[in-house]
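S.K.:
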Amino acid sequence: MSDNGKNFGMMTRALHSGWKNDPATGASGLPVYITSAYQFKSTEHAARLFSLSEEGYIYSRLSNPTVSAFEEGLNSLEGGSGCVSLSSGQSAFTHLIAALCSSGDNMVVSKKIYGGTLTLLQNVFSRFGINTILVDSDHPCQVEQAINDETRGIITETIGNPIMNVAPLEALARIAKRQGVPLIIDNTFASPVLCRPIEWGANAVIHSTTKYISGNGNVIGGAIIDGGNFDWSAYPDKFPGIAKPDPAYHNIVFAEKFGNSALYAKLHMAMVRDLGGCQSPFDAYLLHLSLGTLPLRMERHSRNALETAQFLERHPSVEWVRYPGLSSHPQNDMAKVYLKGGCGGMIAFSVKGGIEAGKKFIEALDLIGHMANLGDSRTIVIHPASTTHSQLTPQQREAAGIGEGLIRLSVGLEDIDDIIEDLSAALSSASV
Ligand SMILES: Cc1ncc(COP(=O)(O)O)c(C=O)c1O
């Protein structure tokens, strides 16, 4: 889509960005370019593509037209300067951290985020000398105090998985700017429909596109969106891979050659080439298709989840409920600012009677699925302490606020009465 200077709305961009009819055939559907490589026109053409003096396709680990269409679509929704889509959310974090950090550097990271991200940082990157400094990012002053000369970024989630804390985006962005490090926001739970972190000052956005972006539970994917608003060239010693000549890429200086798309270019041209976590064209096709309905789905997820959270809060067998749209949520005021389009489909709650009652509840569900995913159009539950966050130590789980009884509910798009009926029947079976 070319917007011809028009400021199209979210739904229009979701439907039109990234693809408009095949110029060769007129086909309106996005083709799935199932190819590993692309025919060069001549040896000079091949050399020009390899030296970046001409744009074009070389090899599908580096780029692919179907993947590019999805990347353009998601980038348009997040309002970035470029998007790189990868084979998973984990892969997105791997490529981003590898682009920003060297041995001896560290990331300042919220302790209330997805367990897999913490495990990747603390068990894998730590072995390469990249350290993690855990903080409670709900308290921005803790974040600022933790930053030192070796810090290369602040990482948190718009809405934390699974305890549903809302990130103080503007305060974190101010700190990041003052300290000369990028603010990296995992926007998986909110999606760009409910929150666009770049508008609040974030410098890079991450997604597990496996979740709401797909919505159909049929893709594993990840994405990084460059905010285009970080001055890499001001910090050449901190970010030599972006702001100094890169010997792995003809000594180009990404910050000079690509300006506000420097991070995107570094990720796209160097990191995906070297680490190889590229997205499959077929999965990019499915994700591009899903993008078209994302605004509608997020509206319905948010509506269904608010009603579900209110039902749970009233239920005598429920101990507590955390949903940013409830006035009882400690950051409900912040949710009203940052999550204007609704608070999404995720709820955390606990059933009275502890872990045993929680297990009984999950096993008594009929319509609602029990699986390790979220953001699906179908409602899903999981028990994080024994699954998604089980690699963390009990102390780490406690620090992250993940009690043994916490149940994570991903509210889908079904008729609300059916969701509530299933929850109600399972709560009755579990009641102590
Ligand atoms: C918030 C968040 N970020 C990242 C990831 C990792 O994504 P993936 O499973 O696509 O690798 C997940 C997975 O659950 C997640 O919930």
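For the sequence shown, the numbering used here assigns the number -17 to the initial residue and increments by one for each residue that follows. Every residue gets a Cβ at the ideal spot worked out from N, C-alpha and C, and that includes glycine.
Should S262 be counted as a contact of ligand 3 given a C-beta to heavy atom distance under 7 Å?
M.R.: Ligand 3 is not part of the structure shown, which contains ligand 1 as its ligands.
S.K.: For N143, which option in G38, P150, T99 and A230 has the closest C-alpha, if you only look at C-alpha atoms?
M.R.: Cα-wise, what sits closest to N143 is T99.
S.K.: Quick one: grab the DSSP three-state call for R304.
M.R.: Note: R304 maps to strand in three-state DSSP.
S.K.: Check Y246 in the structure and name its three-state DSSP category.
M.R.: Reduced to three states, the DSSP call for Y246 is helix.
S.K.: Hey, quick one: how far does the beta strand (DSSP E) through S50 stretch, first residue to last?
M.R.: No beta strand (DSSP E) holds S50; the alpha helix (DSSP H) holding it covers P47 to E60.
S.K.: So, using beta-carbon positions, are L395 and F331 closer together than 8 Å?
M.R.: Cβ atoms of L395 and F331: not closer than 8 Å.
S.K.: Using three-state DSSP, classify F474 as helix, strand or coil.
M.R.: The structure shown has nothing for residue 474, since the chain only spans -17 to 414.
S.K.: Tell me whether N143, by its Cβ, gets closer than 7 Å to a heavy atom of ligand 1.
M.R.: The answer is yes for N143.
S.K.: Hey, is I204 close to ligand 1, as in C-beta under 7 Å from one of its heavy atoms?
M.R.: Here residue 204 is Gly; the residue named in the question, Ile, does not match the sequence. G204 Cβ: within cutoff of ligand 1.
S.K.: Which one or two residues does DSSP pair with I362 in a beta bridge?
M.R.: G351 and S392, per the DSSP bridge assignment.
S.K.: On the three-pair Cβ rule with 8 Å, is the region 271 to 287 touching the region 305 to 323?
M.R.: Counting Cβ pairs under 8 Å, three or more are found: they touch.
S.K.: How many whole angstroms separate the CB atoms of G468 and T191, which I take to be in contact at a CB cut-off of 8 Å?
M.R.: Residue 468 lies beyond the stretch modelled for the chain, which goes from -17 to 414, so this question has no answer here.
S.K.: Tell me, to the nearest whole angstrom, how far the beta carbon of A266 is from that of V49; I am working on the premise that it is less than 8 Å.
M.R.: Rounded, the Cβ-Cβ distance is 4 Å, consistent with contact.
S.K.: Between which two residues does the beta strand (DSSP E) holding E139 run?
M.R.: T133 to E139 is the span of the beta strand (DSSP E), which, as asked, contains E139.
S.K.: Counting only the same chain and skipping the five closest in sequence on each side, list residues whose C-beta sits under 7 Å from that of I402.
M.R.: Hits under 7 Å: T290 and F293.
S.K.: Pull up the CB-CB distance for A172 and T140, whole angstroms please, since I reckon it's below 8 Å.
M.R.: At roughly 4 Å, the Cβ-Cβ gap stays under 8 Å, so A172 and T140 are in contact.
S.K.: For the beta strand (DSSP E) that V187 lies in, which residues bound it at each end?
M.R.: Per DSSP, V187 belongs to the beta strand (DSSP E) from A186 to S190.
S.K.: Along the chain, which unbroken stretches of the beta strand (DSSP E) at least 3 residues long are found entirely within the region 246 to 296?
M.R.: As far as the region 246 to 296 is concerned, it has no whole beta strand (DSSP E) run of at least 3 residues.
S.K.: Distance, Cα to Cα, S215 vs M(-7)?
M.R.: Cα to Cα, the separation comes out at about 35 Å.
S.K.: Rounding to the nearest angstrom, what Cα-Cα distance links G38 and T375 in this structure?
M.R.: Near 47 Å, if we compare the C-alpha coordinates of T375 and G38.
S.K.: I'd like the list of long-range same chain contacts for D168, defined as Cβ closer than 6 Å, with 5 residues on each side in sequence excluded.
M.R.: E139 and I188, listed in sequence order.
S.K.: Find out if the Cβ-Cβ distance for the pair I362, L356 is shorter than 8 Å.
M.R.: Yes, Cβ-Cβ distance for I362 and L356 is below 8 Å.
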